Structures are given as C-alpha cells and as structure tokens.
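Q: 17 is the number of the first residue of the sequence shown in this note's numbering; add one for each residue after it. Beta carbons: idealized from backbone N, C-alpha and C, even for Gly. Bear in mind the structure is a predicted one, so any value in this text is a computation, not a measurement.
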Amino acid sequence: MKTITFIICLFIIVTTSFGVNEIDNKKLSETLKILKEVNTNWKQEDLSFILNDLLKINLTNLKREPIKYHLKFVEKILRHRRPSNLTVHQETKRNLNLDYLKYYWESGNFPTNSFHETSTPYFVDIFGIHCAVGFMLKNEGVVELIRKIKEENNYLFIDELNNKYTELVLWSQDNGFTMKELSWIQPTYPPQQQDMLPIGNGGGVDGHVNILKANPDESILFMAGDFTAIDGFSANSIVGWDGDNWMNLGSGIDGEIFDIHFHNNKLHISGDFKIHGEENFANIAYWENNTWVKLQDGDSGVIYKMETYQEQ
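Here you go:
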C-alpha cells in the first residue's frame with residue numbers, strides 16, 4: 017500500500033509540474049509574438065535572460081504597451097551584454113546612452129504613426145517626438161544627423177540607414193554599440209486607430225462645409241462653406257470650434273466660402289460672398305479686430321483657392 021501511495025503522489029506531482037510548464041511555454045510564445053510585432057529582431061533565446069520578468073508580466077499590459085516593454089527588456093539585456101574589446105570611453109558612453117534609453121521608455125512618449133497603414137519605424141514624427149535611437153542621438157547632440165535622416169529617410173529601418181549614413185555607424189562605434197544592437201532597439205509603430213466622433217452635440221449643419229482648417233497653433237478649428245447654422249449655433253458661412261465651444265466671427269458672411277488661409281498671422285477667406293451688411297462683393301477678406309476687412313471691392317470672379325508666395 018505504501019508503494020502504491022508513493023507512485024500515485026509522484027504521478028500527481030509530475031502531472032502538476034507538466035501543466036505549469038505548458039502554461040508558461042504558451043505565455044512565452046505569446047510574449048515573443050507580441051515583441052516581434054514591435055521588432056522582428058527578437059529571438060527565442062533572447063527570452064532566457066529575462067525569463068523571470070516575462071513569467072510575471074501581465075499579457076494585457078504587454079498588449080497595451082508593447083513598445084514600452086520591448087524597450088525595457090532590450091535595455092536590460094544590453095546592460096548585461098557587451099561587445100568585445102570596448103574601451104573605457106566606449107563603456108562609459110554605452111552606459112550613459114542606456115540611461116537615456118531607460119528614461120525614454122519610462123516616460124512612455126513615443127512617435128505616432130500618422131501616414132502608414134502598417135507598423136512602421138518613425139525616426140521623428142510630425143509632433144517632433146524621436147524614436148528610441150533618435151532620442152539617444154539627440155541627447156548626444158547629434159542634431160544634424162537627425163535632421164538629415166528625418167528629411168531624407170524618416171521611415172527606414174536602422175539596417176537600411178546603416179548603408180546610407182556613415183555618421184550613424186561612426187556614432188554607434190564611438191558609443192559602444194553594434195549596428196545590430198541599434199536595429200534591435202528601434203521599434204516600429206502601429207497605425208493610429210481612427211475613431212470618427214461628432215463635433216459639438218452632433219446637431220449637423222443646414223448647408224454644406226467646403227473647408228476645415230486649424231489656426232497655426234491648432235487651438236481653433238475653422239469651418240467654412242455655405243450655411244447659416246451649425247449644431248444649432250447661428251453662424252453665417254464660417255464658424256470656429258475651440259474644442260469645447262463654438263465661436264462666432266462677427267455678423268459673418270453672405271455667400272459661399274471656398275478656402276481658408278493664414279497669412280501674416282491673419283485668417284483670410286475667399287469665395288463668392290459679400291461681407292454681411294455690404295452691397296458689393298468682396299470674395300476675399302481677412303479677420304482683424306473682430307471684424308471682416310475686404311481686400312478688394314467689386315465682383316472680380318469667384319476665388320476658390322489661396323496660397324502664400326514669398327520670393328526667396
């Protein structure tokens with residue numbers, strides 16, 4: 017009986033251990049899949065050093081912040097891996113840049129993919145946010161190289177930049193990194209999720225809107241066209257939206273506006289209209305001191321589009 021009891025207990029222990037390992041392997045497989053969606057350089061063997069971190073991680077958190085966890089894990093691994101024969105200078109610079117990388121992922125302020133439908137690297141996004149490698153370069157004062165990459169090849173992988181910018185290769189060598197390591201650091205960024213939401217209370221417009229344009233600091237969105245009310249708010253052909261409230265621009269415009277343009281910090285409009293209360297057509301005017309000022313008097317034809325020309 018004792019022997020039988022021992023065998024049964026052993027069977028239960030082995031079965032339980034096997035079940036835990038099976039769950040762990042499934043979690044590690046899912047984790048690797050998520051990390052590889054951020055950067056394809058991840059490999060199964062890379063997980064061994066951070067195994068305890070991965071077993072503790074909440075997969076929901078990982079899916080919600082994959083770029084942050086990717087950079088966190090890469091930073092940890094690179095701190096314990098060293099290319100051979102680093103000088104004291106290279107070792108010091110490498111550690112300093114890994115400190116920059118730690119600060120970067122902890123801040124969680126990453127580039128936005130504004131123009132691509134698939135995950136894509138962005139060296140610097142339209143808001144001026146740098147990628148992880150770009151952030152390290154910025155903190156090292158390598159601004160001219162950042163500018164060149166942003167203007168010429170902003171969406172390329174490090175492996176591709178490697179063949180185009182000798183300065184980047186020299187920087188990596190001076191700072192104790194291999195180009196392969198920089199490639200592993202560099203994330204890709206998923207496309208933005210686009211949600212269409214109504215402006216205001218969703219009350220609609222009693223005409224049509226031809227143009228929407230924000231002012232230079234993007235604090236006000238202007239809408240213009242041929243209407244007398246929008247969202248229940250009285251407005252003749254043009255109105256502003258500050259994110260919370262509608263803004264009336266004087267007594268408005270009688271007629272149709274086709275374009276909005278900002279020049280010399282002034283809001284200009286063009287179209288087929290009169291300034292409210294006046295007899296003659298204006299067709300082009302600007303907003304100043306809470307009133308519309310026309311640039312010409314008399315019907316000179318409909319103006320559909322405006323552009324600023326400045327001679328160099």
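Classify E323 as helix, strand or coil using the three-state DSSP reduction.
A: Here E323 sits in coil by DSSP.
Q: Cβ of L177 within 7 Å of Cβ of S188?
A: Taking 7 Å as the Cβ cut-off, L177 and S188 do not qualify as a contacting pair.
Q: Compute the beta-carbon to beta-carbon distance between G268 and S286, rounded to the nearest angstrom, for a pair I have assumed lies under 8 Å.
A: Actually they are not in contact, since the Cβ atoms of G268 and S286 sit about 15 Å apart, beyond 8 Å.
Q: Which residue from E133, L102, S130 and E156 puts its Cα closest to that of Y116?
A: Of the candidates E133, L102, S130 and E156, the one whose C-alpha sits nearest the C-alpha of Y116 is E156.
Q: Taking all protein chains shown into account, do 16 or more other C-beta atoms lie within 10 angstroms of the C-beta of V159, making it buried, or fewer, making it exposed?
A: Exposed, because fewer than 16 other Cβ atoms sit within 10 Å of the Cβ of V159.
Q: With DSSP as the reference, identify every bridge partner of L237, one or two as the case may be.
A: Partner(s): A230 and W257.
Q: Since Y119 sits in a beta bridge, which residues does DSSP pair it with?
A: Answer by DSSP bridge pairing: none, since Y119 is not bridged.
Q: Between D258 and K290, what straight-line distance do the alpha-carbon atoms span, to the nearest angstrom?
A: Near 26 Å, if we compare the C-alpha coordinates of K290 and D258.
Q: Return the first residue and the last residue of the alpha helix (DSSP H) that L67 is part of.
A: Note, L67: alpha helix (DSSP H), L67 to K72.
Q: Which of helix, strand or coil does DSSP assign to Y85?
A: Looking at Y85 - three-state DSSP - the assignment turns out to be helix.
Q: Mapping DSSP to helix, strand and coil, what is F272?
A: The displayed chain sequence assigns Glu, not Phe, to residue 272. Three-state result, E272: strand.
Q: Would a C-beta distance cut-off of 7 Å place G256 and F238 closer than the cut-off?
A: Yes, the Cβ-Cβ distance between G256 and F238 is below 7 Å.
Q: What's the C-alpha gap between S45 and N169?
A: One C-alpha to the other measures close to 33 Å.
Q: For a test of the three-state rule: what should DSSP assign to A148, helix, strand or coil?
A: A148 falls in the helix class under three-state DSSP.
Q: What's the gap between the Cα of L207 and the Cα of Y138?
A: It is worth fixing the name first, because residue 207 is Pro in this sequence and not Leu. Near 11 Å, if we compare the C-alpha coordinates of Y138 and P207.
Q: Assign W303 to one of three DSSP states: helix, strand, or coil.
A: Here W303 sits in strand by DSSP.
Q: For G322 and H284, which I take to be in contact (beta-carbon distance under 8 Å), what is that distance rounded to the nearest angstrom?
A: Checking the sequence, you will find Met at residue 322 rather than Gly. With a Cβ gap of about 6 Å, M322 and H284 count as contacting.
Q: Let me make sure I understand the geometry here. Which of M263, D288 and N281 has the alpha-carbon closest to that of D275?
A: It is D288.
Q: Pick from E122, E304, D260 and G317: whose alpha carbon is nearest that of I273?
A: The candidate whose alpha carbon is nearest that of I273 is G317.
Q: Identify which residue in T307, L228, A298 and N281 has its Cα closest to the Cα of G266.
A: Ranking T307, L228, A298 and N281 by Cα distance to G266 puts T307 first.
Q: G248 and I227 look like a contact to me (Cβ under 8 Å); what is the Cβ gap, rounded to whole Å?
A: Not quite, the Cβ-Cβ distance comes to about 21 Å (not below 8 Å), so this is no contact.
Q: Are there 16 or more other CB atoms within 10 angstroms of the CB of D141, so buried, or fewer, so exposed?
A: When all chains shown are included, D141 counts as buried.
Q: Excluding the 5 residues preceding and the 5 following E327 in the sequence, name in chain order all residues of the same chain whose CB lies nearer than 7 Å to its CB.
A: Annotation note: pLDDT 47 at E327 (below 50); position unreliable, no value reported.
Q: Can you find the residues in the same chain that come closer than 8 Å, C-beta to C-beta, to P214, ignoring five residues on each side of it along the sequence?
A: Nothing meets the Cβ criterion.
Q: Pull up the CB-CB distance for I83 and F65, whole angstroms please, since I reckon it's below 8 Å.
A: About 20 Å separates the two Cβ atoms, so there is no contact after all.
Q: Would you say L161 and E183 are within 7 Å of each other, going by their C-beta atoms?
A: Result yes, Cβ atoms of L161 and E183 sit closer than 7 Å.
Q: Count the other C-beta atoms from every protein chain shown that fall within 10 angstroms of the C-beta of L67, then say buried if there are 16 or more, exposed otherwise.
A: Answer is exposed; the Cβ neighbour count stays below 16.
Q: Tell me which residue opens and which closes the beta strand (DSSP E) that S286 is part of.
A: Counting along the chain, the beta strand (DSSP E) containing S286 begins and ends at K282 to I291.
Q: Helix or strand or just coil, what does DSSP make of K59?
A: Coil at K59, not helix or strand.
Q: Mind checking whether T194 and P99 have CB atoms under 7 Å apart?
A: Going by C-beta atoms, T194 is nearer than 7 Å to P99.
Q: Given this structure, state the Cα-to-Cα distance separating I165 from K154, to the nearest angstrom.
A: Those two C-alpha atoms are separated by around 12 Å.
Q: Just reading off the alpha helix (DSSP H) that N101 is part of, what are its end residues?
A: Where N101 is concerned, there is no enclosing alpha helix (DSSP H), given that its DSSP letter is neither H nor E.
Q: Beta carbon of K310, beta carbon of A298: below 7 Å?
A: Yes. Within cutoff.
Q: Where do the ends of the beta strand (DSSP E) carrying N264 lie?
A: First-last of the beta strand (DSSP E) with N264: W262 to N264.
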